[in-house]
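Protein sequence lines, in the order shown, are assigned to chains A and B.
Just so we're aligned, residue 1 is where the first sequence starts under our numbering, counting upward by one.
Just so we're aligned, residue 1001 is where the second sequence starts under our numbering, counting upward by one.
Where is the CB? At the ideal position from N, CA and C, for every residue including glycine.
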Amino acid sequence: YLLLGRWRKKHLTFRILNLPSTLPPSTARAALLKAFKYWSNVAPLTFREVQAGWADIRLSFHGRQSPYCSNTFDGPGRVLAHADIPELGSVHFDEDELWTEGTYRGVNLRIIAAHELGHALGLGHSRYTQALMAPVYAGYRPFFKLHPDDVAGIQALYGKKSPETRDKEEEQVAVPTVSPVTTEPSPMPNPCSGELDAMMLGPRGKTYAFRGDYVWTVTDSGLGPLFRVSSLWEGLPGNLDAAVYSPRTQWIHFFKGDKVWRYINFKMSPGFPKKLNRVEPNLDAALYWPLNQKVFLFKASGYWQWDELAQTDLSRYPKPIKELFTGVPDHPSAALSWRDGRVYFFKGKEYWRLNRQLRVEKGYPRKIAHNWMHCRPQTPGTSTSSARDSTRSTTDTVLDNTPSTMYTTAD
Amino acid sequence: RALGPAEKEAVVDYLLQYGYLQKPLEGPNHFRLEDVTEALRAFQEASELPVSGQMDDATRARMKQPRCGLEDPFNQKTLK
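If you want it as structure tokens, here you go:
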């Protein structure tokens, strides 16, 4: 074994920032929690999960692009994951791998996670090719356990697990070394379903799509990984009604039920969430219109026009959507003003594009899954024309939206 | 057989990426043949392959296997 560093404490927190789309969330979580257990079984270490805020060890999945990791991955195969040594704590997995559990197919998430946690705890690569800390993945082993070299390495760093530590751990039966999840997240959505709760053109021109408890980014070359909403915007619930970012104030407003949350980037503004009192609850959609720098809120067949910085008399609202936005449906599920200067409305699986006169353009509605979420249509041979016409690159990464590729069933 | 330029570059990239070859501190990556041979020997030994310092099919296959992105500390010289 090789020692690369060590934590000055033995009771560490961890946070799972997002999960792979190839495994049911509960299976992926169980694999990650078990990976911690391999190490806490042989050394006086405890790992406590936190759902928000800072954590010593942070696990996440990203692909060829990542806003927070310069060490990008290389697609399926070759590099599977990487991690920082103590006391940095980041552990990254390649989201393009076929992460599996309980099968020889794909790459076993539990074993790779245990390896990367070895690095995050201070171990380097082992020369024993059968050791967990060997650099090359030796494949799925149904009765996997640590190699003596792995155990010797971690105990060289943190000592042996003495009986009293074990007793102490037993005492902590109320708080096990790896606390189970408190809230079972809603099932991870399939972006290829085309269904949306909200869409937002956020800071730095990033397009965010919200569905259930999850959010993902939409880029011209593909989709970002799915994150839990609360992982990015701490304190924000899922199943949102609407989301809107205003470049004028830098404020992001999220709406759900009779409440409104305000963030600047990912930090909640003091005093929020607040109760909605001058517009109706349970909004459908929201957008910022750069031409008059106002925020528009939509519900059913009506809209409100809101000046964030002035006392707006909203008593004359709601006004009929159709008066201003010609040709759009009532009860939209989402709306946004996009980088191309046009306004988009989304409803069900379809979307409408409006010109600068706020009139729906010819040839709409079109399919969200096909033109925004890069999903290949069911019928073979049709080209992936770009919904936003020339603004999208032709080398689209398409998601195969046949359900089987979204989940690998564990045996 | 002699390595083509593309394969030679791929092998050198792999040995560099995983710590078998030390990136020279000054100037571009011109490696002496003996440096590459020594790095390849270290990789073959660590991979429990026949240690020849030459590229062979077993070594080529091993380099294609899925692995962790962190470096390997198996070449004593680069480890120092």
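Closest to residue i by C-alpha separation, out of the options, would be which residue?
| i | options | result |
| --- | --- | --- |
| Ala55(A) | Phe47(A), Phe61(A), His62(A) | Phe47(A) |
| Ala369(A) | Lys362(A), Phe346(A), Leu354(A) | Phe346(A) |
| Pro142(A) | His119(A), Asp197(A), Ile111(A) | Ile111(A) |
| Gln311(A) | Ser40(A), Lys294(A), Gln65(A), Lys322(A) | Lys294(A) |
| Arg127(A) | Ala335(A), Pro135(A), Leu121(A) | Pro135(A) |
| Leu226(A) | Pro24(A), Thr129(A), Arg6(A), Asn71(A) | Pro24(A) |
| Gly5(A) | Ala120(A), Gly75(A), Arg29(A) | Ala120(A) |
| Ala1046(B) | Glu1034(B), Met1063(B), Asp1057(B), Lys1023(B) | Met1063(B) |
| Pro44(A) | Arg8(A), Gly302(A), Leu59(A), Asn18(A) | Arg8(A) |
| Lys275(A) | Tyr68(A), Ser269(A), Val260(A), His11(A) | Val260(A) |
| Arg248(A) | Gly53(A), Thr13(A), Asp330(A), Leu309(A) | Leu309(A) |
| Gly102(A) | Pro237(A), Gly212(A), Ala28(A) | Ala28(A) |
| Gln357(A) | Leu80(A), Ala334(A), Val328(A), Ala83(A) | Val328(A) |
| Lys349(A) | Asn277(A), Leu109(A), Thr13(A), Cys375(A) | Cys375(A) |
| Leu88(A) | Ile154(A), Leu12(A), Gly205(A), Glu361(A) | Leu12(A) |
| Ala1067(B) | Leu109(A), Leu236(A), Ala30(A) | Sequence inspection shows Arg at residue 1067(B); the Ala mentioned does not correspond to that position. Selected option, being the one with the closest Cα: Leu109(A). |
With 8 Å as the threshold, decide whether the Cβ of residue i is near any Cβ in chain B.
| i | result |
| --- | --- |
| Asn108(A) | no |
| Pro135(A) | yes |
| Leu17(A) | no |
| Val79(A) | yes |
| Thr72(A) | no |
| His62(A) | no |
| Gly124(A) | yes |
| Arg127(A) | yes |
| Gln119(A) | Sequence check: residue 119(A) is His here, not Gln. Yes, because at least one Cβ of chain B sits closer than 8 Å to the Cβ of His119(A). |
| His147(A) | no |
| Leu2(A) | yes |
For residue i, does the three-state DSSP call read helix, strand or coil?
| i | result |
| --- | --- |
| Phe61(A) | strand |
| Ile16(A) | strand |
| Ile85(A) | coil |
| Ser269(A) | coil |
| Ser337(A) | strand |
| Cys69(A) | coil |
| Pro142(A) | coil |
| Lys275(A) | strand |
| His119(A) | helix |
| Tyr263(A) | strand |
| Ala52(A) | coil |
| Tyr1014(B) | helix |
| Ala152(A) | helix |
Output needed for residue i: all residues of its chain with C-beta closer than 6 Å, excluding positions within five of it in sequence on either side, in chain order.
| i | result |
| --- | --- |
| Thr191(A) | Before going on, a small fix: residue 191(A) reads as Pro here, not Thr. Same-chain partners within the cutoff: Leu223, Met373. |
| Ala1058(B) | Leu1049 |
| Arg15(A) | Val50, Ala55, Arg58 |
If we ignore side chains and look at the alpha-carbon of each, how far apart do residue i and residue j end up?
| i | j | result |
| --- | --- | --- |
| Val42(A) | Ala300(A) | 59 Å |
| Thr22(A) | Arg342(A) | 34 Å |
| Ala156(A) | Pro1073(B) | 18 Å |
| Tyr1018(B) | Glu1071(B) | 4 Å |
| Pro318(A) | Trp304(A) | 5 Å |
| Leu117(A) | Phe254(A) | 35 Å |
| Leu338(A) | Val218(A) | Per the sequence shown, the amino acid found at residue 338(A) is Trp instead of Leu. Rounded to whole angstroms, Trp338(A) to Val218(A) spans 12 Å at the Cα level. |
| Phe36(A) | Gly363(A) | 53 Å |
| Val107(A) | Pro365(A) | 40 Å |
| Ala198(A) | Phe144(A) | 43 Å |
| Ala152(A) | Asn18(A) | 31 Å |
| Trp233(A) | Ala52(A) | 9 Å |
| Gly122(A) | Ile264(A) | 36 Å |
| Gly75(A) | Ile85(A) | 23 Å |
| Asn371(A) | Gln1044(B) | 48 Å |
| Glu97(A) | Leu80(A) | 7 Å |
| Leu33(A) | Arg58(A) | 13 Å |
| Phe414(A) | Ala114(A) | Outside the shown range of chain A, which is 1 to 411, sits residue 414(A), and nothing can be said about it. |
| Met1055(B) | Gly212(A) | 52 Å |
| Tyr68(A) | Ser162(A) | 39 Å |
| Lys367(A) | Pro273(A) | 34 Å |
| Leu1033(B) | Asp150(A) | 35 Å |
| Ala334(A) | Leu196(A) | 7 Å |
Excluding sequence positions up to five away, which residues of its chain have a Cβ less than 7 Å from the Cβ of residue i?
| i | result |
| --- | --- |
| Gly202(A) | Tyr208, Tyr245, Ile252 |
| Ala1042(B) | Tyr1020, Phe1074, Asn1075 |
| Glu95(A) | Pro20, Phe61, His62, Gly63, Pro225 |
| Ala1039(B) | Leu1015, Tyr1020, Leu1021, Asn1075 |
Enumerate in chain order the residues of its own chain whose CB-to-CB distance from residue i is below 8 Å, with the five nearest sequence positions on each side excluded.
| i | result |
| --- | --- |
| Asn282(A) | Asp241, Gly257, Asp258, Lys299 |
| Val1012(B) | Leu1021, Asn1029, Phe1031, Val1036 |
| His125(A) | Leu2, Met133, Ala134, Pro135 |
| Tyr104(A) | Gly139, Tyr140 |
Could one say the Cβ of residue i lies closer than 8 Å to chain A's Cβ atoms, at least one of them?
| i | result |
| --- | --- |
| Glu1048(B) | yes |
| Ala1058(B) | no |
| Tyr1018(B) | yes |
| Phe1074(B) | yes |
| Gln1065(B) | yes |
| Leu1070(B) | yes |
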